[in-house]
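Written below as structure tokens is the structure these notes are about.
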Amino acid sequence: MKFRILLLLLAVALLAVTGAQAVTPAAKPAQPVASQGVHVPILLYHRFGPTVADGMTIKTSVFEEHLKYLRDNGYTVIPLRKLVDYYLKKGPAPAPKSVVIVEDDAHKSVYSDMLPLAKKYNVPVTVFVYPSAISNAKYAMTWEQLKTLQKNGFDIQSHTFWHPNFRHDKKKMAPAEFEKSVQTQLKKSKAKLEEKLGTKVDLLAWPFGIYDDYLLKKAAEAGYVATFTIEAHHAGPGDVAMKLPRYLLINADQGKSFARIVEGTAPKRNVVY
């Protein structure tokens, strides 16, 4: 009897061990997009030159220092489109130490100063343009110069048609007039750039960084898939394509100051636009 009980206990133990071996470990669930740790600074420039002519001018030599720092410290400048595609779930998260470089306004110094350095350091740049100034204002580039930028890998996108202050316009215009003005700024810019440059225009930088829910809605209706502010923090897991932040750089952003911006450890500041 005791022998039969012992055999029975051995059989039960054997079955338990076999069953445990047959269980395959559960596969680790894929990390959700929001937890993958994307942490990308979008660096915004305006004008360049040998001296600091105004608050938005960065000395050309300082811009080159920025590019040298990024290169020498293992950063990779990626196309803005690559970051946008990530937020639209059309591409993977950018690699660690990715950086984006953009410019607003299409100032003529982009052609004379920024282009040669972008070529020298082999970095992609996106330029946000308001077409009313092109081949018209003395400070702006020409359409031919913009085409040259394109041939050298620059992406040309929208900065509205004539760079309005939507906050001021909303206060002084009747609702219907304001809506018409917004539609003109968003749609006419996109259409003009696509006509002149034969490019796909679906990214928008808000003039003065001004936006609200109404403007975001109108931008989406006009065909923009991503828009950009001047809120000074890295594009991260909590951001969305229609409100991506950018650092508005000034000439004082040199040395440790620039390094801290790129690292995401810079103190908050108010930059007068």
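Residue numbering for the sequence shown follows the numbering used here, starting at 1146 and increasing by one per position. The beta-carbon is built from N, C-alpha and C at its ideal position, and this holds for glycine as well.
- When DSSP states are grouped into helix, strand and coil, E1376 belongs to the coil group.
- Taking 8 Å as the cut-off, the beta carbon of D1314 is found no closer than this to the beta carbon of L1225.
- Burial check for E1376: the Cβ neighbour count within 10 Å stays below 16, so the residue is exposed.
- Where D1230 is concerned, the enclosing alpha helix (DSSP H) starts and stops at L1225 to Y1232.
- By the 16-neighbour rule on beta-carbons within 10 angstroms, E1340 is exposed.
- As a beta-bridge residue in DSSP terms, H1252 pairs with A1285.
- By the beta-carbon neighbour count (other beta carbons within 10 angstroms, threshold 16), P1390 is buried.
- Just measuring C-alpha positions, the residue of K1204, V1268, I1187 and L1189 sitting nearest P1195 is K1204.
- Sequence-distant partners of Y1266 (beyond 5 residues in either direction) whose C-beta falls short of 7 Å from its own C-beta, in its chain, are L1212 and R1216.
- In this structure, the straight-line span from the alpha carbon of F1306 to that of T1410 is close to 35 Å.
- Put simply, the backbone Cα of A1278 is about 6 Å away from that of A1285.
- DSSP places L1349 in the uninterrupted beta strand (DSSP E) bounded by L1348 to A1350.
- For K1316, the enclosing alpha helix (DSSP H) begins and ends at F1311 to K1317.
- Note on Q1302: 16 or more other CB atoms within 10 angstroms of its CB, so buried under the neighbour-count rule.
- Contact between the segment 1358-1372 and the segment 1315-1329 is established, with three or more Cβ pairs separated by less than 8 Å.
- For F1273, the enclosing beta strand (DSSP E) covers residues T1271 to V1274.
- Within the same chain, Cβ atoms closer than 6 Å to the Cβ of T1344 are found at I1301, the five residues on either side in sequence being excluded.
- According to the DSSP secondary-structure assignment, Y1392 is paired through a beta bridge with L1188.
- T1221 sits exposed, since fewer than 16 C-beta atoms from the chains shown fall within 10 Å of its C-beta.
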